[in-house]
Amino acid sequence: MSQVTNTVRFVLDGHIVEAQGERRTTTLLDYLREQLHRTGTKEGCAEGDCGACVVMVGELNASGKGIDYVPVNSCIQLLPSLDGKSVKTVESLKGTDGQLHPIQEAMVSCHGSQCGFCTPGIVMSLVNLVQTNDKPTRADITNSLSGNLCRCTGYQPIVKAAQSACAQPAGLKLDDAADVPLLQQIARSAKPTVGLDGQLIVQPVVRTRKGNEFVSPATLAEVCDYLIKHPETTLLAGSTELGLQVNKQFVRPEHIMYLGHVRELRTTTQTPQAWRLGAMVSLEAVMATLREAYPDFAEVLRRFGSPPIRSTATLAGNIANGSPIGDSMPCLMALGATLVLRKGERTREVPLDEFYVGQKKNVMQPSEFIEAVVLPKPKAGQVFRAHKVSKRFEQDISATCIAVSYTLKDGRMSSVRVALNGLAPWPCRVPHIESALEGRSPDQVLASHIDDAIAATFKPRDGLRATWAYRSLVTRNLVLSFIQPHLEESLS
Ligand SMILES: Cc1cc2nc3c(=O)[nH]c(=O)nc-3n(C[C@H](O)[C@H](O)[C@H](O)COP(=O)(O)OP(=O)(O)OC[C@H]3O[C@@H](n4cnc5c(N)ncnc54)[C@H](O)[C@@H]3O)c2cc1C
Ligand code: FES
Ligand code: FES
């Protein structure tokens, strides 16, 4: 079906919602509560931290006959990005004769709720978990809840409720058969629209009276064409940075382009040497790809935000945002990742460690964007280690995150790459530490070598999350423990 301008269409419990006349920055949470009066979904922080607003977002799966769901923080997802998708809120769980979902029943019987403010978000995180995981372990359950804060009940009864509901799996999965044909009906066309003059036409999902637009193309050709015509466009990937800027800094970009429908950008391909991770591949999917080859990288990603953040957030968004404490960049730099940058028909590859030219400044030109991240696979003898230090284990921002890669041959280290965040205005490699390690056997490296390298590289500065003394000490200790594993236990 062709796209209708100024109408966001999504499927909600067996019918199509047509949201008309909404702003391009209206959040899903505001629309659910204020227009649909689905007030079960709560607003706590409005910045993706508390999980009170978690809902499930579905898309047709690869076969086109079923729906894949992810949990999302509806407070930071922009409504127009839902065009062509489906939504489940806590109200969706109500049975035809009014009965509760088994997870809700168990929350009642296990005393998993007190004031109840967090409860709809917790229930939706758990219901999302059981859509794909029939027998979740305790670790699966606590991981699924790592983005849901409860200030009064305590997590023990909530985890017990999840375990008790999963002991009898009947009725855990949602009956969404009625949604499938509707999703097929509103699916966005995979073919670009071409005008009589042969020019591509990218129809906006939302266009304001001033001519500002929210567009949501389905092909790479449309993305390139629109960006050449409108270089000032703000790209929208997982919305876990941009959604915050909209809510907290009242940022209102003129044109927003959502990349989530572009199949080419959602694809991971591989050669024997490397993975090519499309710019819209979610961090959850990246984590699954890397887990076996780079377990430390996967662990850094597991501690990146929470499942609702990782289900939409992307490497490209993390990299383009360029925060000094961005977590994926140290691992990617240490592993020698490169970026495929595209502008129109032209692409170029830029090593990630040459991408930044200042704080939040990079080499991308107007109309250029990140098409993919190319990540080399492990080579024989390569050791890769990484660790994120933060005050909380999950759902917290780094004090520092450090990654080291080297090849060990005849007891000596070579091809050493060390990268970190939190010590400089942008994530970076540390050539002085690399030289202190290169060609040495691990036990020849002394703490003072690394201290000297840190002192020679960085300008000491205290930050909000840690003092300089703490960050530099942690850096030295982690680098040492990565090359001298016997130290790890004594340092932990
Ligand atoms: C609760 C919470 C927890 C978080 N935890 C962490 C954490 O643990 N570690 C961490 O590092 N970060 C964290 N973040 C920050 C954020 O999740 C990450 O930076 C994330 O990777 C951003 O990706 P995104 O796809 O959501 O980007 P978006 O918000 O969609 O976009 C971010 C920026 O990137 C640009 N952009 C997006 N895609 C492209 C592209 N293909 N080409 C060029 N530019 C592009 C956008 O225009 C925008 O400027 C957290 C955020 C929240 C809200
Ligand atoms: S309201 Fe707190 S995560 Fe959305
Ligand atoms: S029950 Fe009150 S915040 Fe969780």
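Under my numbering, the first residue of the sequence shown is numbered 291, with each subsequent residue one higher.
Glycine included, every Cβ here is placed at the ideal spot set by N, Cα and C.
Inter-residue distance for T422 and R761 is about 40 Å (C-alpha atoms, whole angstroms). Unbroken beta strand (DSSP E) stretches of 3 residues or longer found wholly inside the segment 600-661: 628-633, 636-641 and 646-648, given in chain order.
A676 is bridged by DSSP to A693. In the DSSP assignment, S399 falls within the alpha helix (DSSP H) that extends over P392 to S399. Here DSSP, grouped into helix, strand and coil, assigns F587 to helix. Excluding residues up to 5 positions away in sequence, P459 lie with their Cβ nearer than 7 Å to the Cβ of D424 in the same chain. In this structure, DSSP gives G348 an extended state, which the three-state scheme calls strand. For N711, the closest alpha carbon among the candidates R299, I393, A624 and V673 is that of A624. For F300, the pairing in a beta bridge is given by DSSP as V307. The three-state reading of DSSP puts C365 in helix, counting H, G and I together.
The segment 503-531 is shown to contain whole beta strand (DSSP E) runs of 3 or more residues at 503-505 and 524-526, in chain order.
Those residues whose C-beta sits under 7 Å from the nearest heavy atom of ligand 2 are, from N- to C-terminal order along the chain, L319, K332, E333, G334, C335, A336, E337, G338, D339, C340, G341, A342, C343, N363, S364, C365 and I366.
A residue is called buried once 16 or more other Cβ atoms fall within 10 Å of its Cβ, and R632 is buried on that count.
In this structure, the beta-carbon distance from P361 to S601 falls below 9 Å.
Taking a cut-off of 8 Å on C-beta distances, the segment 603-621 does not touch the segment 363-380, as fewer than three cross pairs fall below it. About 7 Å separates the beta carbons of C440 and I448, which is inside the 8 Å limit, making them a contact pair.
Taking 8 Å as the cut-off, the C-beta of S506 does not count as close to any heavy atom of ligand 1. Sixteen is the threshold: when 16 or more other Cβ atoms of the shown chains lie within 10 Å of the Cβ of C514, as they do, the residue is buried.
The three-state secondary structure of S403, taken from DSSP, is coil. P494 is the residue among Q489, P494 and T483 whose C-alpha sits nearest the C-alpha of Q310. Counted as a single uninterrupted DSSP element, the stretch harbouring T331 is not any beta strand (DSSP E), since DSSP gives it neither H nor E. Taking 8 Å as the cut-off, the C-beta of F587 does not count as close to any heavy atom of ligand 1. Here F674 is buried. Its C-beta has 16 or more other C-beta atoms within 10 Å.
Nearest to T409 by alpha-carbon distance, out of G388, I431, C442 and A429, is C442.
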